[in-house]
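Residue numbers (numbering that gives the first Met the number 0), protein chains in the order written: chain A, 0 to 230; chain B, 0 to 43; chain C, 0 to 223.
C-beta: ideal position from N, C-alpha, C; glycine also.
In what follows, a single structure is set out as C-alpha cells and then discussed.
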Amino acid sequence: MKKAFPILGALTAILLGYALYEALVAAPTEQTMGDVQRIFYYHVPSAWTAFTLFLINFVASILYLVRRNPAADIIALVSAEVGVVFCTVVLVTGPIWARPVWGIWWAPGDIRLTSTLVLWLIYVSYLILRRFSSSGQTPTLAAALAVLGALCVPFVYFSIWFFRTQHPQPVMGGGGSIDPRMLHVLLINWLAFLCFAFLVCWSRYRLEELQRDVDHAHAMQSLMDPRGSVR
Amino acid sequence: MRGNPYLFAAYAAAWIIHIVYLSTIVSRYSRLKREIEELKKIRS
Amino acid sequence: MTAPTGITRATLLKDLRLEWRSKDAINSMLFFSLLVVVVFRFSFDPTAEESREIAGGLVWVAFLFAAVVALNQTWAREIRNQVLDAYRVSPAPANSLFIAKTLGNFILVTVLEALMTPLFIVFYQLRSLGPAWQLLVVAVLGTWALVVNGTFFAAMSLRTRSREIMLPLLLFPISIPAILAMVQATTSILTGEGARVWMALLVSYDLVFTTGCLLLFETVLNAE
Numbered sequence: 000m001k002k003a004f005p006i007l008g009a010l011t012a013i014l015l016g017y018a019l020y021e022a023l024v025a026a027p028t029e030q031t032m033g034d035v036q037r038i039f040y041y042h043v044p045s046a047w048t049a050f051t052l053f054l055i056n057f058v059a060s061i062l063y064l065v066r067r068n069p070a071a072d073i074i075a076l077v078s079a080e081v082g083v084v085f086c087t088v089v090l091v092t093g094p095i096w097a098r099p100v101w102g103i104w105w106a107p108g109d110i111r112l113t114s115t116l117v118l119w120l121i122y123v124s125y126l127i128l129r130r131f132s133s134s135g136q137t138p139t140l141a142a143a144l145a146v147l148g149a150l151c152v153p154f155v156y157f158s159i160w161f162f163r164t165q166h167p168q169p170v171m172g173g174g175g176s177i178d179p180r181m182l183h184v185l186l187i188n189w190l191a192f193l194c195f196a197f198l199v200c201w202s203r204y205r206l207e208e209l210q211r212d213v214d215h216a217h218a219m220q221s222l223m224d225p226r227g228s229v230r
Numbered sequence: 000m001r002g003n004p005y006l007f008a009a010y011a012a013a014w015i016i017h018i019v020y021l022s023t024i025v026s027r028y029s030r031l032k033r034e035i036e037e038l039k040k041i042r043s
Numbered sequence: 000m001t002a003p004t005g006i007t008r009a010t011l012l013k014d015l016r017l018e019w020r021s022k023d024a025i026n027s028m029l030f031f032s033l034l035v036v037v038v039f040r041f042s043f044d045p046t047a048e049e050s051r052e053i054a055g056g057l058v059w060v061a062f063l064f065a066a067v068v069a070l071n072q073t074w075a076r077e078i079r080n081q082v083l084d085a086y087r088v089s090p091a092p093a094n095s096l097f098i099a100k101t102l103g104n105f106i107l108v109t110v111l112e113a114l115m116t117p118l119f120i121v122f123y124q125l126r127s128l129g130p131a132w133q134l135l136v137v138a139v140l141g142t143w144a145l146v147v148n149g150t151f152f153a154a155m156s157l158r159t160r161s162r163e164i165m166l167p168l169l170l171f172p173i174s175i176p177a178i179l180a181m182v183q184a185t186t187s188i189l190t191g192e193g194a195r196v197w198m199a200l201l202v203s204y205d206l207v208f209t210t211g212c213l214l215l216f217e218t219v220l221n222a223e
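See below:
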C-alpha cells in the first residue's frame, strides 16, 4: 500500500497540472465575464469535492453508530477535515469571483455560496466537538452530530432557495445550459480534485492511526510505570 | 487583460489553503515520529 | 404505554417544582431577557415602517439568547447529583427523560418570550398587519425547534471542555434554516404577507429533528 503512494502522488500532480492548464489556457474565454470567469473551474469542483467528502462523513458516521468500527470513526474525522478545507476554498474563491463581476463580495441569496457557508459552519462545529469532547465519548457524539448535520442539509438548501424567490438577488453562477467544452474542463478539474482529496485523506488517515497508537502507548506507559508517564 | 489580478488571487488562495493544511499534516507527522523515538528509547 | 409517559410527567413535574422553589435561576434569566430587549432598543432605532421589517429578526435573536441561557442550565442539576448515572442504570427509557427535559425547557423559554414580547411591542410600537394568532403558531414552532435541538446538544456538551460555549456553538449552525424560517415567517405576518411556506418548513424541521433527537438520545446518553 505504501509503495503506491508516491506513484499515485505523481499521477495526481500530473492530472492537476493538466486540469490547471485546461482551466487557464485551453478553456474558451467567457463572453460577458472574460478571464475572471476561469475562477469557476476551481470554485465549482471544490464545492462538489467538499460535498462528496461530507457525504462520505455521513455514511462513515452511520457505519460507526451501527457497527462501532474504529476505522469508520477515523474516516468520518478525515473526510470532515478535508471537506472543510475544500469548503474554505469555495468560500474564498466565491467572493473573489463575485467582486469583479457583480461589484459585491457576497449576496445573501446566492444559493451555492450561502449554503456552503452554513455547511462549513456545521462541519467546523463538528470538528470543534471532536476536539473538545472527552476522548471516550468523541466517536459516538461526533457521529450523532454528523447525522443531525446531514439531516439539516436539505433544509439549508430549501430555506435559502425559497428566501431567494422572495427577495430577488443578482443571479450568480451562470444559469441555464453550459458550453460542453466548459463542462469538460469542469469535470477534469473535479476528477483531479477527487484524486488529490483521496491522497490527502489517506495521509491524514495514516497520521490519525499513528496518533492513536502513540496515545495508546503513552496510556499503557503510565499504567505500567508507577512514577507516572514521561509526558 | 482585465480581471487578471482576481483570477490570480483566486487560484493562489486555493493552493495556499491546501498547502497550509498539508503542512499541518507534515509537521504533526514529524512530531509524532519524534515521540515514537522517545518511546522506543524508554522501552529499551 | 403508561410507564414512559408516567416517567415523562413525573420528571417534568419534578423539574417545574424545583424551578418554582428556587426562583433564583428563573429570576436571573428573566432579568437577562429584559436586558437583551433594552440593549437592542439602544442599538436599533428604526422608524415605524422599518420596525415591522426588522422586528422579526430582532425578536428572534433576542429569543435565541434567552434560550441559550435557559438551555445551559438544563442538565446542571442532574450533573450535580449524579442523576444521569442513576438514569443510565435504571430500566427507564432514555426518551422519557429527553421529552421531559425538552418540555421543561419549552415551558421555561416560552415564559421568557412572554415577558420579552410586550417589551418589544412597547419599545418598537409594533402592530401586526397580519393575523396575530399566526404569530403565536410561529412562536410555538420556532421555540420548539430551538429547544429540541438545544436540549439534545446540552446533553452532548455535558462532558466537553468549555461546556457553556459548546452549546451555542453546536446549536446555531444547525438551527440556521429554522431561524431563517422563524424570522421570515414573523416578518411576513407582521407586514401582512402570507407565511405558509415558512410555517410548513418549520413544521417539517420540527418533525425531522424531534425524530432524529429521539432516535439518537439514548446513544448519546450512554456514550462512553
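From this set, C:A194, C:G103, C:I173, which residue's C-alpha is nearest N71 of chain C's C-alpha?
C:G103
Consult DSSP for G16 of chain A and reduce its assignment to one of helix, strand or coil.
helix
From the DSSP secondary-structure annotation, give me the bridge partner or partners of E29 of chain A.
A:G33
Comparing the C-beta of E36 of chain B with each C-beta of chain A, is any distance below 9 angstroms?
Cβ-Cβ to chain A under 9 angstroms: no for E36 of chain B.
Just the Cα atoms here: how many angstroms apart are D224 of chain A and R27 of chain B?
26 angstroms
Just to confirm before moving on: does the CB-CB distance between F216 of chain C and A154 of chain C stay below 9 angstroms?
Against a cut-off of 9 angstroms, the Cβ pair of A154 of chain C and F216 of chain C comes out as a contact.
Less than 9 angstroms between CB atoms is the rule here; does M0 of chain B satisfy it with respect to chain A?
Residue placement at M0 of chain B is poorly supported in this model, since its pLDDT is 41, which falls under 50; the coordinates are not used for a value here.
How about A142 of chain A and D214 of chain A: are their beta carbons less than 9 angstroms apart?
no
For M198 of chain C, count neighbouring C-beta atoms within 10 Å of its own C-beta (all shown protein chains included) and say buried if the count is 16 or more, exposed if not.
buried
Tell me whether P5 of chain A sits in a helix, a strand or coil according to DSSP, three-state version.
helix
In three-state DSSP terms, what is H166 of chain A?
coil
Local conformation of I53 of chain C per DSSP, three classes:
helix
Short check: CB of Y86 of chain C to CB of A75 of chain C, under 9 angstroms?
Cβ distance not < 9 angstroms, so Y86 of chain C and A75 of chain C don't count as in contact.
With distance defined between alpha-carbon atoms, name the residue in C:L96, C:A69, C:R126 nearest to F105 of chain C.
C:A69
Three-way DSSP call (helix, strand, coil) for D44 of chain C in this model:
coil
Counting contacts by CB-CB distance shorter than 9 angstroms, is T7 of chain C in contact with chain A?
no
Give a yes or no on whether 9 angstroms exceeds the smallest Cβ distance from C86 of chain A to chain C.
no
Once DSSP output is grouped into helix, strand and coil, what is the label at L11 of chain C?
Assignment of L11 of chain C by DSSP, reduced to helix, strand and coil, places it in the helix class.
Is DSSP giving G102 of chain A helix, strand or coil here?
Coil.
Over what stretch of residues does the alpha helix (DSSP H) that includes A177 of chain C continue unbroken?
162–189 is the extent of the alpha helix (DSSP H) around A177 of chain C.
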